[in-house]
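Undergrad: Input: one structure, supplied below.
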């Protein structure tokens, strides 16, 4: 399935933005959560004297993995098989979904429990499995809420961040005929009891992987709710659904990433649960799945690997760039219309879900650089965004007025005479619209500026007119 | 020491007083100044919208204009960042121009950065009698600047410094962003204006012309008389009170 050949309507980010900016309950929920995570991240990273060294080390390790991904993937697959697991390779999203479905069918699976995995959002695994008649239950509390609501995640780490506790209580009360107060503890207790049943009755558990060590075949998964561990140990069959970029060379590299991940994601020194899974249940062991399947998913990653966007494959999906982004904090994840929102999503979505469909997202940034500063993997997101804008302009995927305007502008900027003339013309053109040095209504295409603020009139005398040698 | 002033198009046309304040300060420190008359714009509007062919043509001209300069100093972290990061990226496939842009990058400084790094000025020899707050403009990040400007603000004589909540949060200007995403940009500008008003300060220091236009435009629309000032104007003695 090639997203480039499938005509899908372009996502109108601007229109979505206008709608989101009007949603006050969204603003409230978003601001509280993102501020908490962002402040927490800053405080913990500042308190960690080696944080810069760790980021650099993590970057180096991941770059080495990406440089030799073929070798590390082969090593990882060998290690998994040595540990008793089965490895499957999926080129596309459909391949990946079909593999899970066929594993499930062959084992007569009916009920599937699922821990949070972003790549399964990317492949739309739930819909694919449900079409095949399987019952799929999300077990991460946030994902569970969204599943009950028929909603989509709006954040990489905290999928239901756009919903207030009042809305969630009301959702459960209407959906299940209960009367829960808008208290997180009460809501969680209720969901926990329901989910416990799902775990007990599940025939298969699907988890993601935060990291996967090539030398030992260990799959590492971090969670805060323990649902991931239950998915990985209780049902008789476990499927690890993971992108091929999740590899780390050695299990001993793990601490570098663990120290960065939770701090960057939620402002915690460590997540509550860190699961290291090496193979299925062995002879004489009391728990763990009878079978362990690892699905290694490409879905466009090798194309990115050989592109100028390779560094985006370093991403560990911590969401720090979302929490710190002034755009994301104000409009939320759904405004991006894609699986991956926020600054990193503005690069990933065009790459994985279609450059044309999501051609607005690379412009969904003021290029303030807060994301780059926050990124534990040192992904230069502003550079990725401008590279993508350049790519768009090159193939003519920008507004005709902008193309024309930029040509005229460049013409003027290449001549100090034309530049001076332009400056004077600007002042004289704006003068009739102004009052006391300010313009409160500019014509199209600049009218957007004056919708919410005034625009200054150019000075009477420019610097070059005033400077004396 | 000879400094070539890169005043930037926005400061040249909208806020010449910032450039003049820089002139006062640099001359006071015995710096010889030149203003290469051929200069126009760094090319950022084209660069940020992805129109790199146009950006390249403007940037190549900038390389000529500042070819023989010892230092290039601008009142804008944004335009300096364009030179430092943008130019080498634009000319990645042209060895000669790339080398020239790397060379220009290494002698380009934002004004406050230049004061600290080259002239070793870490505290202000100026006064401001009033309540003052400070907004950290985003492109300082790209230059690796942290608290240099804020430290200078705090060291002003007579000042009552009030920290701004979320001072590092973007004001929403973003150049072309303010035109392409006007609702979002305007929302961020107004959020910034609200935080500034909350401090009760009579003036806010903002050291980049685009951000000054954006923030002062939002404050103006609200009819709030908080002044938006580039630090150079206080350091030069031009502005001593709100």
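Residue numbers (the working numbering), protein chains in the order written: chain W, 225 to 693; chain C, 177 to 418. Don't be surprised by glycine CBs; every beta carbon is placed ideally from N, CA and C.
Should the region 634-646 of chain W be called in touch with the region 356-363 of chain C, which here means at least 3 C-beta pairs below 8 angstroms?
TA: With the cut-off at 8 angstroms, the region 634-646 of chain W and the region 356-363 of chain C do not touch.
Undergrad: For the region 657-680 of chain W, enumerate the residues whose C-beta is nearer than 7 angstroms to any C-beta of chain C, in chain order.
TA: For the region 657-680 of chain W, which is checked against every Cβ of chain C, the residues closer than 7 angstroms are 662, 669, 670, 672, 673, 675, 676, 677, 678, 679 and 680.
Undergrad: Excluding five sequence neighbours on each side, which residues of the same chain lie with their C-beta closer than 6 angstroms to the C-beta of residue 387(C)?
TA: Here residue 387(C) corresponds to residue number 211 of the second chain, with the count starting at 1. Excluding sequence neighbours, residue 387(C) sits near 313, 347 and 349.
Undergrad: CB residue 537(W) to CB residue 615(W), shorter than 8 angstroms?
TA: Within the first chain, the letter at position 313 stands for residue 537(W). Within the first chain, the letter at position 391 stands for residue 615(W). Contact flag unset, no.
Undergrad: Could you tell me which chain W residues have their CB closer than 7 angstroms to the CB of residue 436(C), listed as they occur along the chain?
TA: Any question about residue 436(C) goes unanswered here, given that chain C covers just 177 to 418.
Undergrad: Taking three-plus beta-carbon pairs below 8 angstroms as touching, is the region 443-461 of chain W in contact with the region 337-355 of chain W?
TA: Segments in contact, yes.
Undergrad: Less than 8 angstroms between CB atoms is the rule here; does residue 407(C) satisfy it with respect to chain W?
TA: Here the question's residue 407(C) lines up with position 231 in the second chain. No, residue 407(C) lies away from the interface with chain W (no Cβ there is under 8 angstroms from its Cβ).
Undergrad: Can you round the beta-carbon distance between residue 491(W) and residue 268(W) to whole angstroms, since I take them to be within the 8 angstroms contact cut?
TA: Position 267 of the first chain, counted from the start, is the residue given in the question as residue 491(W). Position 44 of the first chain, counted from the start, is the residue given in the question as residue 268(W). 6 angstroms between Cβ atoms; contact.
Undergrad: Taking the continuous alpha helix (DSSP H) assigned at residue 362(C), which residues delimit it?
TA: The residue you call residue 362(C) lines up with position 186 of the second chain. Element bounds for residue 362(C): 358-375.
Undergrad: What distance in whole Å lies between the Cβ atoms of residue 379(W) and residue 372(W), which are believed to be in contact at a cut-off of 8 angstroms?
TA: Indexing the first chain from 1 puts residue 372(W) at position 148. Indexing the first chain from 1 puts residue 379(W) at position 155. Actually they do not touch by this definition, with Cβ atoms about 17 angstroms apart.
Undergrad: I'd like to check one pair, residue 284(C) with residue 248(C): are the Cβ atoms closer than 8 angstroms?
TA: Mapped onto the second chain, residue 248(C) falls at position 72. Mapped onto the second chain, residue 284(C) falls at position 108. For residue 248(C) and residue 284(C), yes; Cβs fall inside 8 angstroms.
Undergrad: Indicate, with yes or no, if the ligand GDP has a heavy atom lying under 7 angstroms from the CB of residue 303(C).
TA: Absent from the structure shown: the ligand GDP. Ligands present: none.
Undergrad: What does a CB cutoff of less than 8 angstroms around residue 220(C) pick up in its chain, not counting 5 residues either side in sequence?
TA: On the second chain, residue 220(C) is found 44 positions in, with the first residue counted as 1. The residues are 231, 254, 255, 258, 262 and 351.
Undergrad: Which residues in the same chain have their Cβ closer than 8 angstroms to the Cβ of residue 604(W), if we skip the five residues on either side of it in sequence?
TA: Taking the first residue of the first chain as 1, we reach residue 604(W) at position 380. Closer than 8 angstroms at the Cβ level, and outside the excluded window around residue 604(W), lie 535 and 596.
Undergrad: Determine the DSSP secondary structure at residue 333(C), reduced to helix, strand or coil.
TA: For the purposes of this step, residue 333(C) is taken as the residue at position 157 of the second chain. Strand at residue 333(C).
Undergrad: To be precise: take each residue of the region 242-254 of chain C, compare its Cβ to all Cβ atoms of chain W, and keep it if any distance is under 7 angstroms. Which residues remain?
TA: The region 242-254 of chain C vs chain W, Cβ under 7 angstroms: nothing.
Undergrad: Any contact between the region 291-310 of chain W and the region 272-279 of chain W? By contact I mean 3 or more CB pairs, one from each, below 8 angstroms.
TA: Contact fails: fewer than three Cβ-Cβ distances are below 8 angstroms.
Undergrad: By Cβ distance below 7 angstroms, which residues in the same chain neighbour residue 324(C) in space, the five residues on each side in sequence not counted?
TA: Translated into the one-based positions of the second chain, residue 324(C) becomes position 148. Cβ within range, chain order: 288, 289 and 292.
Undergrad: Identify the continuous alpha helix (DSSP H) that holds residue 292(W) and give its terminal residues.
TA: As a first step, residue 292(W) must be located in the first chain, where it is residue number 68. Counting along the chain, residue 292(W) falls outside any alpha helix (DSSP H), and DSSP gives it neither H nor E.
Undergrad: Measuring CA to CA, which of 415(C), 416(C), 417(C) and 408(C) is closest to residue 197(C)?
TA: For the purposes of this step, residue 197(C) is taken as residue 21 along the second chain, with counting starting at 1. If we check each option's Cα against that of residue 197(C), 408(C) comes out closest.
Undergrad: Can you name the start and end residues of the alpha helix (DSSP H) that residue 305(C) belongs to?
TA: As a first step, residue 305(C) must be located in the second chain, where it is residue number 129. Run containing residue 305(C): none in the alpha helix (DSSP H); it sits in the beta strand (DSSP E), 303-311.
Undergrad: Going by DSSP in three states, residue 381(W) sits in which element: helix, strand or coil?
TA: The residue labelled residue 381(W) in the question sits at position 157 within the first chain. Residue 381(W) falls in the coil class under three-state DSSP.
Undergrad: Is it right to say residue 333(C) is buried, meaning 16 or more other beta carbons lie within 10 angstroms of its own, or is it exposed?
TA: For the purposes of this step, residue 333(C) is identified with residue 157 of the second chain, where counting begins at 1. Flag for residue 333(C) reads exposed.
Undergrad: Taking the C-alpha atoms as reference points, what is the distance between residue 576(W) and residue 520(W)?
TA: For the purposes of this step, residue 576(W) is taken as the residue at position 352 of the first chain. For the purposes of this step, residue 520(W) is taken as the residue at position 296 of the first chain. About 16 angstroms.
Undergrad: Between which two residues does the alpha helix (DSSP H) carrying residue 288(C) extend?
TA: Looking up residue 288(C) in the second chain gives position 112. Counting along the chain, the alpha helix (DSSP H) containing residue 288(C) begins and ends at 287-293.
Undergrad: Since residue 245(W) contacts residue 359(C) with CB under 8 angstroms, what's their CB separation in whole angstroms?
TA: Here the question's residue 245(W) lines up with position 21 in the first chain. Here the question's residue 359(C) lines up with position 183 in the second chain. Contact holds; Cβ gap of about 6 angstroms.
Undergrad: Closer than 7 angstroms, Cβ to Cβ, to anything on chain W: give me those residues from the region 257-268 of chain C, in chain order.
TA: For the region 257-268 of chain C, which is checked against every Cβ of chain W, not one residue is closer than 7 angstroms.
Undergrad: Taking the DSSP output, what are the residues bridged to residue 178(C)?
TA: The count along the second chain starts at 1 and reaches residue 178(C) at position 2. Its beta-bridge partners are 208(C).
Undergrad: Residue 251(C) and residue 385(C): beta carbons closer than 8 angstroms?
TA: Working through the second chain from its first residue, we reach residue 251(C) at position 75. Working through the second chain from its first residue, we reach residue 385(C) at position 209. In this structure, residue 385(C) lies closer than 8 angstroms to residue 251(C) by Cβ.
Undergrad: Can you pull out the residues from the region 542-564 of chain W whose beta carbon lies closer than 8 angstroms to at least one beta carbon of chain C?
TA: If the cut-off is 8 angstroms between Cβ atoms, the region 542-564 of chain W has 550, 551, 554 and 555 near chain C.
Undergrad: With DSSP run on the structure shown, which of helix, strand or coil describes residue 586(W)?
TA: Working through the first chain from its first residue, we reach residue 586(W) at position 362. Note: residue 586(W) maps to helix in three-state DSSP.
Undergrad: Starting from the N-terminal side, write out each stretch of the beta strand (DSSP E) that is 3 residues or longer and does not extend beyond the region 395-453 of chain W.
TA: As far as the region 395-453 of chain W is concerned, its whole beta strand (DSSP E) runs of at least 3 residues are 428-431, 435-437 and 442-447.
Undergrad: If we call anything under 8 angstroms between Cβ atoms a contact, is residue 225(C) one with residue 581(W)?
TA: Counting from 1 along the second chain, the entry for residue 225(C) is found at position 49. Counting from 1 along the first chain, the entry for residue 581(W) is found at position 357. No, the Cβ-Cβ distance between residue 225(C) and residue 581(W) is not below 8 angstroms.
Undergrad: Along the chain, where does the beta strand (DSSP E) containing residue 462(W) start, and where does it finish?
TA: Locating residue 462(W) in the first chain gives position 238, counting from the first residue. Per DSSP, residue 462(W) belongs to the beta strand (DSSP E) from 461-467.
Undergrad: If distances are taken between C-alpha atoms only, which option among 357(C), 184(C) and 227(C) comes closest to residue 622(W)?
TA: Here the question's residue 622(W) lines up with position 398 in the first chain. Of 357(C), 184(C) and 227(C), the residue nearest in Cα terms is 227(C).
Undergrad: According to DSSP, which residues form a beta bridge with residue 403(C)?
TA: Stepping through the second chain from its first residue, residue 403(C) is reached at position 227. Bridge partners of residue 403(C): 379(C).
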